[in-house]
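J.: One structure is given below, represented as structure tokens, and several questions about it will come after.
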Amino acid sequence: MAITPQQLIKWKQQGRPIVALTAWDYVFAQLLDNAGVDLVLVGDSLATILGYENTLPVTLDEMIHHAKAVRRGVKNALLVVDLPFLTYQESSGQALHSAGRVLKETGAQAVKLEGGYPAMVETVAYLVQAGIPVMGHVGLTPQSIHQLGLRQQGKTKEAGEKVLNEAIALQQAGAFSMLLEHIPASLALQITQKLTIPTIGIGAGVNCDGQILVTADLLGLSEHQPPFAKSYTDLRAQIALAVQNFGQDVREGKFP
Ligand code: KIV
Numbered sequence: 142m143a144i145t146p147q148q149l150i151k152w153k154q155q156g157r158p159i160v161a162l163t164a165w166d167y168v169f170a171q172l173l174d175n176a177g178v179d180l181v182l183v184g185d186s187l188a189t190i191l192g193y194e195n196t197l198p199v200t201l202d203e204m205i206h207h208a209k210a211v212r213r214g215v216k217n218a219l220l221v222v223d224l225p226f227l228t229y230q231e232s233s234g235q236a237l238h239s240a241g242r243v244l245k246e247t248g249a250q251a252v253k254l255e256g257g258y259p260a261m262v263e264t265v266a267y268l269v270q271a272g273i274p275v276m277g278h279v280g281l282t283p284q285s286i287h288q289l290g291l292r293q294q295g296k297t298k299e300a301g302e303k304v305l306n307e308a309i310a311l312q313q314a315g316a317f318s319m320l321l322e323h324i325p326a327s328l329a330l331q332i333t334q335k336l337t338i339p340t341i342g343i344g345a346g347v348n349c350d351g352q353i354l355v356t357a358d359l360l361g362l363s364e365h366q367p368p369f370a371k372s373y374t375d376l377r378a379q380i381a382l383a384v385q386n387f388g389q390d391v392r393e394g395k396f397p
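According to the working numbering, the residues represented by the sequence shown are 142 to 397, in order.
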């Protein structure tokens with residue numbers, strides 16, 4: 142049976158860590174799902190796969206196109222799709238329209254959006270009232286790259302309190318889980334202890350209820366990756382070698 146938002150909340154209560162990864166197509170989605178990943182996110186980090194410099198240019202149509210392919214590969218994991226830049230910030234109505242399209246057209250179970258106080262808290266409440274499960278995302282929010290850069294957030298006492306309060310407000314608005322990106326581990330621990338919904342960390346230390354990585358980083362496919370990411374293999378090097386070997390065999394008449 143497919144994993145639900147409620148299941149993630151139960152796992153937090155039981156202390157069972159949540160394993161999450163991003164996906165952008167059918168092949169990788171199927172590989173992740175078969176390997177037992179709990180939550181698959183079609184993140185707007187899709188930008189790197191599409192060759193964009195940051196997440197801002199990604200469109201809702203691109204997210205939907207890729208999420209449909211991912212849906213075909215994911216049978217068990219909870220499937221969450223990012224709402225891209227300027228498809229939800231304008232108004233709660235715009236957010237409902239975008240999130241509604243994602244759920245109707247892709248078959249995903251939930252959406253994720255970035256930011257908190259005060260506008261996004263209202264937006265999350267609006268979506269949840271309409272029956273759309275929402276994952277929050279606080280700390281470093283890459284859609285605000287031109288305001289925040291890609292620096293660690295919540296480093297001072299004041300800044301940490303702001304992130305904590307945003308997470309609490311988003312939970313009160315009905316978010317079913319909270320992505321914590323690039324914040325101090327001590328702050329992530331505080332938020333994780335305070336919230337009843339699960340926290341999923343990336344660059345937020347070991348004390349979150351679950352961890353997520355961008356799959357391109359995990360596999361060593363990214364041209365650039367953040368310092369907190371970990372590659373478990375080096376597919377760029379392996380692919381380059383395979384292609385060079387093929388080229389050499391063809392040039393030397395060894396293949397076929
Ligand atoms: O877009 C994305 O891949 C994300 C990561 C932080 C997981 O939101």
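We treat Cβ as the ideally placed atom computed from N, Cα and C, and that holds for glycine. Note that the structure is a prediction, hence the values are computed from the model and not measured.
Considering Cα atoms alone, identify which of A381, I338, G344 and V269 is closest to G361.
T.: Along the sequence shown, one-based indexing puts residue 361 at 220. Ranking A381, I338, G344 and V269 by Cα distance to G361 puts A381 first.
J.: Mapping DSSP to helix, strand and coil, what is S232?
T.: Along the sequence shown, read from residue 1 onward, the residue named residue 232 stands at position 91. S232: coil per DSSP, three-state reduction.
J.: Can you look up Q135 in the DSSP assignment and give me helix, strand or coil?
T.: The structure shown has nothing for residue 135, since the chain only spans 142 to 397.
J.: Where do the N-terminal and C-terminal ends of the alpha helix (DSSP H) with L330 fall, by residue?
T.: Position 189 of the sequence shown, counted from the first residue, corresponds to residue 330. A326 to K335 is the span of the alpha helix (DSSP H), which, as asked, contains L330.
J.: Starting from G156, follow the beta strand (DSSP E) in both directions and report where the run begins and ends.
T.: Your numbering for residue 156 matches position 15 in the sequence shown. Looking at the DSSP string, G156 is not in any beta strand (DSSP E), and its letter there is neither H nor E.
J.: Tell me which residues share the same chain as D358 and place their Cβ nearer than 7 angstroms to its Cβ, disregarding the 5 neighbours each side in the sequence.
T.: One-based indexing of the sequence shown puts residue 358 at position 217. Cβ neighbours of D358 beyond the five flanking positions: Q366, A370 and S372.
J.: Is the CB-CB distance between V243 and I205 below 9 angstroms?
T.: Numbered from 1 along the sequence shown, position 102 holds the residue referred to as residue 243. Numbered from 1 along the sequence shown, position 64 holds the residue referred to as residue 205. Closer than 9 angstroms, so yes.
J.: Could you tell me which whole alpha helix (DSSP H) segments of length 4 or greater appear in the region 341 to 397?
T.: 356 to 359 and 376 to 392
J.: At a cut-off of 8 angstroms, is S232 close to the ligand KIV when judged by its beta-carbon and the heavy atoms of the ligand?
T.: Here residue 232 is taken as the residue at index 91 of the sequence shown, counted from 1. Result no, Cβ not under 8 angstroms from the ligand KIV.
J.: When you compare the CB positions of N195 and P283, do they come within less than 9 angstroms of one another, or not?
T.: Taking the sequence shown and counting its residues from 1, the one referred to as residue 195 is at position 54. Taking the sequence shown and counting its residues from 1, the one referred to as residue 283 is at position 142. Yes; because the gap between Cβ atoms is below 9 angstroms, this pair is in contact.
J.: How many Å lie between Q294 and R392 at the Cα?
T.: Mapped onto the sequence shown, residue 294 falls at position 153. Mapped onto the sequence shown, residue 392 falls at position 251. Answer to the nearest angstrom: the Cα atoms are 52 angstroms apart.
J.: Could you give the distance in angstroms between the alpha-carbon of N306 and the alpha-carbon of F387?
T.: As a working note, residue 306 is residue 165 in the sequence shown. As a working note, residue 387 is residue 246 in the sequence shown. Answer to the nearest angstrom: the Cα atoms are 55 angstroms apart.
J.: When DSSP labels each residue in this structure, what does S186 get in the three-state scheme?
T.: As a first step, residue 186 must be located in the sequence shown, where it is residue number 45. DSSP places S186 in coil when its eight states are reduced to three.
J.: Which residues mark the beginning and the end of the alpha helix (DSSP H) in which A208 is found?
T.: In the sequence shown, counting from the first residue as 1, residue 208 sits at position 67. Its alpha helix (DSSP H) spans residues L201 to G214.
J.: N217: which of S318, D375, T340 and T145 sits nearest, CA to CA?
T.: Here the question's residue 217 lines up with position 76 in the sequence shown. When each option's Cα is compared against that of N217, the closest is T145.
J.: On the criterion of 16 or more Cβ atoms from any shown chain inside 10 Å, does V168 qualify as buried, or is it exposed?
T.: Position 27 of the sequence shown holds residue 168. When all chains shown are included, V168 counts as exposed.
J.: Do you know offhand how far L311's Cα is from Q171's?
T.: Reading the sequence shown from its first residue, position 170 is the one you call residue 311. Reading the sequence shown from its first residue, position 30 is the one you call residue 171. If you draw a straight line from the Cα of L311 to the Cα of Q171, it is about 31 angstroms long.
J.: Could you please give me the residues that DSSP links to E322 through a beta bridge?
T.: For this step, residue 322 is matched to residue 181 along the sequence shown. Paired residues: G280 and I343.
J.: Per DSSP, what kind of secondary structure is V221 in: helix, strand or coil?
T.: Within the sequence shown, numbered from 1, the residue matching residue 221 stands at position 80. In this structure, V221 counts as strand in the three-state DSSP scheme.
J.: Suppose contacts are defined by Cβ-Cβ distances below 9 angstroms. Is L268 in contact with A240 by that definition?
T.: For the purposes of this step, residue 268 is taken as the residue at position 127 of the sequence shown. For the purposes of this step, residue 240 is taken as the residue at position 99 of the sequence shown. In this structure, A240 lies closer than 9 angstroms to L268 by Cβ.
J.: For the candidate residues G277, G344, D185 and E364, whose alpha-carbon lies nearest to that of A260?
T.: As a working note, residue 260 is residue 119 in the sequence shown. Answer by Cα proximity: G277.
J.: Are L321 and I343 close, meaning C-beta to C-beta below 9 angstroms?
T.: The residue given as residue 321 occupies position 180 in the sequence shown. The residue given as residue 343 occupies position 202 in the sequence shown. Contact flag set, yes.
J.: Could you give the distance in angstroms between the alpha-carbon of S285 and the alpha-carbon of D174?
T.: Along the sequence shown, read from residue 1 onward, the residue named residue 285 stands at position 144. Along the sequence shown, read from residue 1 onward, the residue named residue 174 stands at position 33. Spanning the two alpha carbons is a distance of roughly 31 angstroms.
J.: When the Cα of I309 is compared with those of V262, S186, Q379 and H207, which residue comes out closest?
T.: Locating residue 309 in the sequence shown gives position 168, where the first residue counts as 1. Among V262, S186, Q379 and H207, the Cα nearest to that of I309 belongs to V262.
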